[in-house]
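Visitor: At position 366 of the sequence shown (counting the first as 1) the number is 365 in numbering that gives the first Met the number 0, and the numbers step up by one without a gap.
Ideal placement from N, C-alpha and C gives every residue a C-beta, glycine not left out.
Owing to the predicted nature of the structure, the values given are computational and were not obtained by experimental measurement.
Before anything else, here's the structure in question.
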Amino acid sequence: MRVIHIIHNLDRAGAQKSLASLLRGLSRQDGEHLVFAWKRTGPVARDIDLTGVEIVEGPGRFLKAVGQLNRLIRTFHADLLHAHMEDAASLAALAQLRTRRPYVVTFHDGTKLVPDLPPIKKIIRKQALAWSAGRASTVIGVRGELKPLIVSGLGVPAERLKTLPACVEIPNSYDVKAAAAARATAQGPLRILAVARHVPLKRHDILIDAVAELGRRGIPCEATILGDGPLLADNRERAKAVIPPAHIHLPGASDQVADHLKEAHIFVNSSEYEGTSMSILEAMSWRIPVIASDVPGNRELVRLGKTGYSFPLSSPSALAGRIIEATSTDNSTIVETAAQTVEDQFSADALAWQHLTLYHTLCNSRGEAEPHG
0 MRVIHIIHNL
10 DRAGAQKSLA
20 SLLRGLSRQD
30 GEHLVFAWKR
40 TGPVARDIDL
50 TGVEIVEGPG
60 RFLKAVGQLN
70 RLIRTFHADL
80 LHAHMEDAAS
90 LAALAQLRTR
100 RPYVVTFHDG
110 TKLVPDLPPI
120 KKIIRKQALA
130 WSAGRASTVI
140 GVRGELKPLI
150 VSGLGVPAER
160 LKTLPACVEI
170 PNSYDVKAAA
180 AARATAQGPL
190 RILAVARHVP
200 LKRHDILIDA
210 VAELGRRGIP
220 CEATILGDGP
230 LLADNRERAK
240 AVIPPAHIHL
250 PGASDQVADH
260 LKEAHIFVNS
270 SEYEGTSMSI
280 LEAMSWRIPV
290 IASDVPGNRE
300 LVRLGKTGYS
310 FPLSSPSALA
320 GRIIEATSTD
330 NSTIVETAAQ
340 TVEDQFSADA
350 LAWQHLTLYH
360 TLCNSRGEAE
370 PHG
């Protein structure tokens, strides 16, 4: 079984991180895989390199990428294509016209099918996506809520839809226990962590204002927000209003997220919407209490009092209150339940097996994988 995974770039974002985790799981099972990053690679390439999966960087231009993908299908002797995100679906569909390889499309965004664009461009993109998804052997949504959107918005038959959530690599249990023991005995302020790009929908301003309120209440704490993006400079300026004993660090993007997770007492997600938050899943897998905005996506992962804490969007004071509550409560049952949920439903190994089963089913129903050699 040889599969080419198509994605636009390997920036440090949710779909890319989920792909890297999936490839880790797949690399521990049978089959050969190749990643075609048709626009450019990026920092997640380092995570994929650890799996031994080859990465091919594309030309950046769509029509040239179609030609390069056709050549890759022949030279790699690909049995199947897996397109991640909507623009990759169009690439796979055009390549399929010539190569007749079956392909799968995964929608990683949990709330919409196409990005926010001017009206005319959005209509064109949606029509192209309807054509591409309509030709796919299977269309995958990372959340069940996408099914009606795909059926009504793209006209894909319900029997060709499947829900397979995003996945994460489960950390070593010894490392998790060692980190928890170190946090329990560590001296110093409360350490709060957030991991997300500095873009409007991530609403880091809410967390910054909540930390500022904790400072005004005299609560010692340090918040670190990992990520880059166009609002990083603005958020650094906003963070200057935070007064001791509270402090905020905004170092930009980091490849050492696990090191920060090991030290964090609380993880916060303050987005105004989410699909399936990879950063929340990672925090849960490290048994860190999660506080998240009460919005779709987050609401499915963070169930109040069971797998974490929630707060109403756009309320820094409510977030500050939840932080105080979470740090004055025994969270052992909550973090264990959350970690078990991640392991049962979102682990890379479990999702890899489900994907591999789907790949074999599609190739077998096609008749047989193309002979290699």
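1) Evaluate Asn330 with the Cβ neighbour count: other Cβ atoms within 10 Å of its Cβ, from every protein chain shown; 16 or more gives buried, anything less gives exposed.
2) Tell whether a beta-carbon distance below 8 Å holds between Leu213 and Ala185.
3) Is Arg11 near the ligand NAP, with its Cβ less than 7 Å from a heavy atom?
4) Roughly how many angstroms separate the alpha carbons of Arg298 and Thr50, rounded to a whole number?
5) Which first and last residues belong to the alpha helix (DSSP H) in which Phe61 is found?
6) Can you name the residues that DSSP bridges to Val341?
7) What is the C-beta distance between His359 and Leu21, in whole angstroms, given that I count them as a contact (C-beta under 8 Å)?
8) Buried or exposed: which applies to Gly217, given that a residue is buried once 16 or more other Cβ atoms fall within 10 Å of its Cβ?
9) Mapping DSSP to helix, strand and coil, what is Tyr358?
10) By alpha-carbon positions, which one of His83, Leu90, Met84, Asp86 ends up nearest to Ile72?
11) Have a look at Val334 and Pro250 and give me their C-alpha separation to the nearest angstrom.
12) Do you know whose CA, among Thr105, Ser151, Val113, Tyr173, lies nearest Gly140's CA?
13) What does a CB cutoff of less than 6 Å around Ala195 pick up in its chain, not counting 5 residues either side in sequence?
14) Pick out whichever of Ser26, Ile3, Ala319 has its Cα sitting closest to the Cα of Leu350.
15) Go through the region 9 to 57 residue by residue and report every complete run of the alpha helix (DSSP H) that reaches 4 residues or more, in order.
16) Which whole-angstrom value is the C-beta distance of Pro315 and Asp208, which I expect to be below 8 Å?
17) Are the Cβ atoms of Gly59 and Arg39 separated by less than 8 Å?
18) Have a look at Val289 and Gly143 and give me their C-alpha separation to the nearest angstrom.
19) Spatial neighbours of Glu221 within its chain, please: C-beta separation below 6 Å, excluding the five flanking residues on both sides.
20) Assign His371 to one of two classes, buried (16 or more other C-beta atoms within 10 Å of its C-beta) or exposed (fewer than that).
21) Which stretch, first to last residue, makes up the beta strand (DSSP E) that contains Lys176?
22) Is DSSP giving Ile265 helix, strand or coil here?
23) Going by beta-carbon coordinates alone, are Ile265 and Thr326 separated by less than 8 Å?
24) Only counting runs of 4 or more residues, tell me where the alpha helix (DSSP H) segments fall wholly within the region 298 to 348, in order along the chain.
25) With distance defined between alpha-carbon atoms, name the residue in Leu116, Tyr173, Ser131, Leu318 nearest to Gln95.
26) Just the C-alpha distance for Val267 and Ala44, rounded to the nearest angstrom, thanks.
27) By DSSP's criteria, Cys166 is part of a beta bridge. Which residues make up the other side?
28) How would you call Ala368, buried or exposed, if buried means at least 16 neighbouring beta carbons within 10 angstroms?
Guide: On the basis of the supplied data:
1) Indexing the sequence shown from 1 puts residue 330 at position 331. It is buried - the Cβ of Asn330 has at least 16 other Cβ atoms within 10 Å.
2) The count along the sequence shown starts at 1 and reaches residue 213 at position 214. The count along the sequence shown starts at 1 and reaches residue 185 at position 186. Not in contact: Leu213 and Ala185 (Cβ atoms no closer than 8 Å).
3) Only the bare structure without any ligand can be found here, which leaves the ligand NAP out of the picture.
4) Within the sequence shown, the letter at position 299 stands for residue 298. Within the sequence shown, the letter at position 51 stands for residue 50. Going by the C-alpha atoms only, they are around 32 Å apart.
5) Residue mapping note: residue 61 aligns to position 62 of the sequence shown, counting from 1. Looking at the DSSP string, the run of the alpha helix (DSSP H) that includes Phe61 is 61 to 75.
6) On the sequence shown, residue 341 is found 342 positions in, with the first residue counted as 1. None, per the DSSP bridge assignment.
7) Counting from one through the sequence shown, the residue named residue 359 turns up at place 360. Counting from one through the sequence shown, the residue named residue 21 turns up at place 22. His359 to Leu21, Cβ: 16 Å. No contact.
8) Sequence index remark: in the sequence shown, residue 217 carries index 218 (1-based). That one is exposed.
9) Position 359 of the sequence shown holds residue 358. Tyr358 falls in the helix class under three-state DSSP.
10) The residue given as residue 72 occupies position 73 in the sequence shown. Cα-wise, what sits closest to Ile72 is Leu90.
11) Residue numbering aside, residue 334 sits at position 335 when the sequence shown is read from its first letter. Residue numbering aside, residue 250 sits at position 251 when the sequence shown is read from its first letter. Val334 and Pro250: Cα-Cα distance of roughly 27 Å.
12) For the purposes of this step, residue 140 is taken as the residue at position 141 of the sequence shown. Checked all of Thr105, Ser151, Val113, Tyr173; the closest Cα to Gly140 is Thr105.
13) Your numbering for residue 195 matches position 196 in the sequence shown. Excluding its 5 nearest sequence neighbours in each direction, Ala195 has C-beta neighbours in its own chain below 6 Å: Lys201, Gly226, listed in chain order.
14) Stepping through the sequence shown from its first residue, residue 350 is reached at position 351. The shortest C-alpha to C-alpha distance from Leu350 to any of Ser26, Ile3, Ala319 is the one to Ser26.
15) 13 to 26, 43 to 48
16) Walking along the sequence shown from the start, residue 315 turns up at place 316. Walking along the sequence shown from the start, residue 208 turns up at place 209. Going by Cβ atoms, the distance from Pro315 to Asp208 rounds to 4 Å, so yes, they are a contact pair.
17) Stepping through the sequence shown from its first residue, residue 59 is reached at position 60. Stepping through the sequence shown from its first residue, residue 39 is reached at position 40. Their beta carbons are under 8 Å apart, which means Gly59 touches Arg39 by this criterion.
18) Within the sequence shown, residue 289 is the residue found at index 290, counting from 1. Within the sequence shown, residue 143 is the residue found at index 144, counting from 1. Straight-line Cα distance between these residues: approximately 23 Å.
19) For the purposes of this step, residue 221 is taken as the residue at position 222 of the sequence shown. The answer, listed in chain order, is Pro188, Arg190, His246.
20) By 1-based counting over the sequence shown, the position of residue 371 is 372. For His371, the predicted structure reports a pLDDT of 35, less than 50, and the residue's modelled location is therefore unreliable. The matter cannot be settled from this model.
21) Position 177 of the sequence shown holds residue 176. Unbroken run through Lys176 is the alpha helix (DSSP H), 172 to 184; no beta strand (DSSP E).
22) In the sequence shown, residue 265 corresponds to position 266, counting from 1. Ile265: strand per DSSP, three-state reduction.
23) On the sequence shown, position 266 is the one that residue 265 refers to. On the sequence shown, position 327 is the one that residue 326 refers to. Yes.
24) 315 to 326, 331 to 344
25) On the sequence shown, position 96 is the one that residue 95 refers to. Closest by alpha carbon: Ser131.
26) By 1-based counting over the sequence shown, the position of residue 267 is 268. By 1-based counting over the sequence shown, the position of residue 44 is 45. Taking the straight line from one Cα to the other gives about 26 Å.
27) Position 167 of the sequence shown, counting from 1, holds the residue named residue 166. In DSSP, Cys166 forms no bridge with anything.
28) As a working mapping, residue 368 is identified with position 369 in the sequence shown. With a pLDDT of only 42 at Ala368, under the threshold of 50, the placement of this residue in the model should not be trusted; the figure read from the coordinates follows. The residue is buried, with at least 16 neighbouring Cβ atoms inside 10 Å.
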